[in-house]
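Letter 419 of the sequence shown, counting from 1, is numbered 419 in my numbering, and no numbers are missing. All C-beta atoms, glycine included, are put in the ideal place defined by N, C-alpha and C.
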Amino acid sequence: MGMTTADHETFEAFYQDVRGRLLLQTWSLTGDLEAAKAAVRGAMVITWHHWRKVKPMDDFEREDWVRPIAWSKAIRNHSVPLLHRDQTIAPEARSTLSALRSLPLHDRKVFLLGHLTSVDLAQLAREVSTPISRTETDLQGANAAICDQLGIAPEHLQSIFDPLVDVLTEQPWPKTSAITTAGAVRRRVHTAIGAAAAIAALVGTGFFVTQDAETAPRLNTLSMKSAVEEFEVEPSEIPGKKLTAKDLMTEENVAKIYGGSWAVDISSDNLEGTGLTIPCQAEPSADKRPVASLARTFAAKAKATTAGTTIESSVDAKAAAAAYKKMQGWYAACAEPRYQLMFTESVKGIGDEATLFTYRDWENNRAVTYGVARTGRHTAAVTVKVDGKSSATATKTSTMLGTAVHNLCSMPDAGACVETKRPRETLVPLATGTAPGLINETDLPPVSTIGDPWQGTEAKPAKTNPAQTRCDNTEFNVKGMSGAQTRDFVIPETKKKLAATFGLTETVGKFGSAKEAQAFNVAIKTRLSKCSDKQLGSHVTQLATEPIKDGAITVWDIRVELENSSVFYRMAAIRRGANVAQMSFVPDGAADISKSDFVSLAKRAAYRLDYL
Numbered sequence: 001m002g003m004t005t006a007d008h009e010t011f012e013a014f015y016q017d018v019r020g021r022l023l024l025q026t027w028s029l030t031g032d033l034e035a036a037k038a039a040v041r042g043a044m045v046i047t048w049h050h051w052r053k054v055k056p057m058d059d060f061e062r063e064d065w066v067r068p069i070a071w072s073k074a075i076r077n078h079s080v081p082l083l084h085r086d087q088t089i090a091p092e093a094r095s096t097l098s099a100l101r102s103l104p105l106h107d108r109k110v111f112l113l114g115h116l117t118s119v120d121l122a123q124l125a126r127e128v129s130t131p132i133s134r135t136e137t138d139l140q141g142a143n144a145a146i147c148d149q150l151g152i153a154p155e156h157l158q159s160i161f162d163p164l165v166d167v168l169t170e171q172p173w174p175k176t177s178a179i180t181t182a183g184a185v186r187r188r189v190h191t192a193i194g195a196a197a198a199i200a201a202l203v204g205t206g207f208f209v210t211q212d213a214e215t216a217p218r219l220n221t222l223s224m225k226s227a228v229e230e231f232e233v234e235p236s237e238i239p240g241k242k243l244t245a246k247d248l249m250t251e252e253n254v255a256k257i258y259g260g261s262w263a264v265d266i267s268s269d270n271l272e273g274t275g276l277t278i279p280c281q282a283e284p285s286a287d288k289r290p291v292a293s294l295a296r297t298f299a300a301k302a303k304a305t306t307a308g309t310t311i312e313s314s315v316d317a318k319a320a321a322a323a324y325k326k327m328q329g330w331y332a333a334c335a336e337p338r339y340q341l342m343f344t345e346s347v348k349g350i351g352d353e354a355t356l357f358t359y360r361d362w363e364n365n366r367a368v369t370y371g372v373a374r375t376g377r378h379t380a381a382v383t384v385k386v387d388g389k390s391s392a393t394a395t396k397t398s399t400m401l402g403t404a405v406h407n408l409c410s411m412p413d414a415g416a417c418v419e420t421k422r423p424r425e426t427l428v429p430l431a432t433g434t435a436p437g438l439i440n441e442t443d444l445p446p447v448s449t450i451g452d453p454w455q456g457t458e459a460k461p462a463k464t465n466p467a468q469t470r471c472d473n474t475e476f477n478v479k480g481m482s483g484a485q486t487r488d489f490v491i492p493e494t495k496k497k498l499a500a501t502f503g504l505t506e507t508v509g510k511f512g513s514a515k516e517a518q519a520f521n522v523a524i525k526t527r528l529s530k531c532s533d534k535q536l537g538s539h540v541t542q543l544a545t546e547p548i549k550d551g552a553i554t555v556w557d558i559r560v561e562l563e564n565s566s567v568f569y570r571m572a573a574i575r576r577g578a579n580v581a582q583m584s585f586v587p588d589g590a591a592d593i594s595k596s597d598f599v600s601l602a603k604r605a606a607y608r609l610d611y612l
């Protein structure tokens, strides 16, 4: 069924109302006006593509739906590749953009959400995936930093955007018909052949070339705030015992497991809207309509170590299983800056099902573990940040998760309780994101001398292979291979100037049989073994070759001499079953990944291939 005239009219009204605010936000976020304009256009195309889903929302919900898409596109367009910046804007606008650019990306997002949107603090915290207490601190810190940078008083913060508004009132907009035409093409192509081809189809329409202006954006569409509607959701009522604060872990429980002296930081009923309590917790509750949802956080008195727990009751075991799966998704793809996923484990003997996720927080040099479990129609999550080795922390967090589940065993419709023996088994990391067969930011190790997080581009079809080196020239669009994709990773927010060649790239593909995949990787090894003879001045050193289940990885250091320079690669050829990957990293002097970390990353990439 096609779109009606009413659909077009409603979308046009929304487009004209929201586009100015989105452009102001994305330009402030990146400092790149062309990237911001392309991001808003692209986000509105996606909105029309999904208009049947978006239309029933109210105006606030629609804007909250499209905003993250526009922001994500703006960041990606701006940073990879680095786009041209307009040098003609007024000094006042340039000063504002420079001050915003001085903030780390996370703090910049917090600041802009606080000043350029109508979201409350709880929703702001959800959008940046941090607890409310930290978000409030980050917002205060960002306010102070901008005031200091621009030499203004806090009461004048809102006025810093006025010079940007002056520039944006002169910007032309694509006609609504251009948006809806591109969105319709995108919908048809997605239906027929998938998302990858839709991108190519959109470019083919010429949509991303500047269109004739329709109307100048109205000043009121660039306003900083809109009215906020308050609403409450009543929990479902079912008979039987309800969760109370007595069912939460206590500071004594935590002290018994981790030692030292602990105090309760926050105890809350998340149904009352207190929000997020555990880092990487994406929503106040995993169940959209929980019967009950409680949270508590703890702080160690002797040192800055923290812990937290949440418990929920669902209407039945099926709803609880869905909530448990959602919790797994939160902690399998934690978006905290410089968090690296070390390993994922299943745990037997805690409830009906349980999983542990162990991260390394390289920003603060700590181990961070999350545990999620379900017993019947009840779910629990725990986390702890401590100094120390990851393996020791995982053992203690398993005990903590068992304690949280034990407190739920007496609840109505609880399932299995907690056994004395709780064996753990390492799992293939859970599928995350839109391209689960590729590595993601949580897999990447730190880069020496760089204290800023990795950022990946969206995966795209591998028509060419950017992971190849001059020694192997491997292509993934070969006979017998399907599903070839590639993705780049860079560090766009670092203050240290990095070479244009710096970054990491992975390309993956799938053959019809393991034999074909093995022959593909053997051919890579053969070409590398002959490179030094064929290209004088080139050097290839094999660092490691290791068998893994259903496959193998091989890692090399490769230096290729050019006419006036040389390029150094660390490269891996990876196979698991019928799936293959090539991963290459180009360092910049001391900005490097250690050999052992790169080998470990290659292993992670091998196991991600299960999701191709």
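Here GLU63 is buried: its Cβ has 16 or more other Cβ atoms, across all protein chains shown, within 10 Å.
Looking at the DSSP output, GLY551 shares a beta bridge with ILE548 and ARG576. With a cutoff of 8 angstroms on beta-carbon distance, GLU516 and ALA578 are scored as near each other.
One alpha carbon belongs to ALA606, the other to ILE553, and they sit about 8 angstroms apart. Spatial neighbours of GLU441 in its own chain (CB-CB distance under 8 angstroms, excluding positions within 5 residues in sequence) are listed in chain order as ALA335, PRO453, TRP454, GLN455, GLY456 and PHE489.
Between the C-alpha atoms of TRP362 and GLN340 there is a straight-line separation of about 8 angstroms.
Using a 10 angstroms sphere on the CB of LYS109, the tally of other CB atoms reaches 16 or more, which defines it as buried. Membership of ARG360 in the beta strand (DSSP E) is indicated by the continuous run 353-361. Rounded to whole angstroms, the separation of the alpha carbons of CYS280 and SER129 is 6 angstroms.
In this structure, the alpha-carbon of ALA125 lies about 20 angstroms from that of THR30. Excluding the 5 residues flanking it on each side, LYS55 has same chain C-beta neighbours closer than 7 angstroms at ASP7 and THR10, in chain order.
By the 16-neighbour rule on beta-carbons within 10 angstroms, SER285 is buried. Taking every protein chain shown into account, the CB of ASN477 has fewer than 16 other CB atoms within 10 angstroms, so this residue is exposed.
Residue state for ALA590 is assigned as coil, using DSSP reduced to three classes.
Secondary-structure assignment with DSSP links LEU504 through a beta bridge to PHE489 and PHE585. Taken atom to atom, the span from the alpha-carbon of ARG559 to that of VAL586 is near 10 angstroms. Contact between THR432 and ALA332 holds: CB atoms are separated by about 5 angstroms, below the 8 angstroms threshold.
The beta-carbon distance between MET411 and SER313, rounded to whole angstroms, is 7 angstroms. This is short enough to meet the 8 angstroms contact definition. Taking C-beta separations shorter than 7 angstroms and ignoring five residues to either side along the sequence, the partners of LEU427 in its chain run THR344, GLU345 and SER346, following chain order. A check of alpha carbon separations from GLY503 across GLU425, SER584, LYS530 and ASP443 identifies SER584 as the nearest. Residues ALA573, ARG575 and VAL580 of the same chain have their beta carbon placed closer than 7 angstroms to that of ASN521, with the five preceding and five following residues left out of the count.
In this structure, ALA500 lies away from THR383, with their beta-carbon atoms at least 8 angstroms apart. According to the DSSP assignment, PHE298 belongs to no alpha helix (DSSP H) but to the beta strand (DSSP E) extending over 292-300. Residue range 132-150 is occupied by the alpha helix (DSSP H) that includes ALA142. Counting C-beta atoms within 10 angstroms of its own C-beta, ARG52 has fewer than 16 neighbours from the protein chains shown and is therefore classed as exposed.
Between the C-alpha atoms of ILE548 and ASP316 there is a straight-line separation of about 40 angstroms. Per the C-alpha coordinates, the member of GLN149, PRO423 and VAL66 positioned closest to LEU97 is GLN149. Contact between ILE439 and LEU294 is ruled out by a C-beta separation of about 36 angstroms, above the 8 angstroms threshold. Rounded to the nearest whole angstrom, the C-alpha separation of GLY260 and VAL119 is 39 angstroms. Within the DSSP bridge table, the entry for ALA367 names ARG360 and VAL386 as partners. In the same chain as GLU136, and ignoring 5 residues on each side of it, the C-beta atoms closer than 7 angstroms to its own belong to LEU121, in chain order. Within the DSSP secondary-structure output, ILE311 pairs in a beta bridge with LEU294 and ALA380. Annotation: ILE593 to TRP556 spans about 13 angstroms, alpha carbon to alpha carbon. Here VAL167 is actually not in contact with ILE278; their C-beta atoms are around 41 angstroms apart, not less than 8 angstroms. Assignment of beta-bridge partners to ASP557 by DSSP yields THR541 and ARG570. Excluding sequence positions up to five before and after ARG527, its CB lies within less than 6 angstroms of the CB of ASP472, all in the same chain and listed in chain order.
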